[in-house]
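Enquirer: Residue numbers for the sequence shown follow our numbering, beginning at 473 and rising by one.
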Amino acid sequence: MDKDTKLVISLTLTVVTVTAILVLFFMYRDKIILRQSTNVVPTNGSQDNESGTDNVVNDIHEDYKIYSVNVEKDVKYNDSKYLDIYSPNDNSKIFPLVMWFAGGAGESKSTAKDEATAIAKYGYVVAV
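1) Which residues does DSSP list as the beta-bridge partners of N550?
2) Could you please give me the residues that DSSP links to A599 through a beta bridge?
3) Restricting to Cα atoms, I'd like to know which of A599, E587 and K553 is closest to L569.
4) Taking 9 Å as the threshold (C-beta atoms), are S564 and N542 in contact?
5) Tell me which residue opens and which closes the alpha helix (DSSP H) that A588 is part of.
6) Helix, strand or coil: which one does DSSP assign to K581?
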């Protein structure tokens with residue numbers, strides 16, 4: 473495969489991926505649960521201290537359940553291909569799947585461990 477063909481394929485996949493993400497975002501934007509906290513409180517208790525406002529954290533919608541996470545490492549799906557599966561520890565429900573592409577040219581998935589665990593806590597199965 474020549475260089476131009478690879479470039480065209482890469483650009484096409486990028487456009488398709490971005491389009492799919494945008495479509496899903498606009499279809500489900502009312503279901504997005506993470507939001508920036510509006511309750512900013514200075515860390516030292518003083519309402520006049522501006523430096524205390526940098527410690528803003530994201531908070532979660534009160535109705536959203538937090539799950540413990542089950543991790544299955546190196547689940548074989550092809551002759552030489554493996555996935556790590558992070559899932560909510562609740563067998564009574566079916567959860568949506570998130571495919572996480574960690575980067576690193578397929579060499580290491582360790583960079584996605586914390587993110588995958590955090591996503592799975594909120595009711596998603598994550599395949600890395």
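The beta-carbon is built from N, C-alpha and C at its ideal position, and this holds for glycine as well. What you are looking at is a predicted structure, and each value in this text was computed from that prediction instead of being measured.
Expert: To lay it out plainly:
1) Partner(s): none; N550 has no beta bridge.
2) According to DSSP, A599 bridges with I557 and M571.
3) The option with the nearest alpha carbon to L569 is A599.
4) Contact check for N542 against S564 fails: the beta carbons are separated by 9 Å or more.
5) K585 to K593 is the span of the alpha helix (DSSP H), which, as asked, contains A588.
6) Here K581 sits in coil by DSSP.
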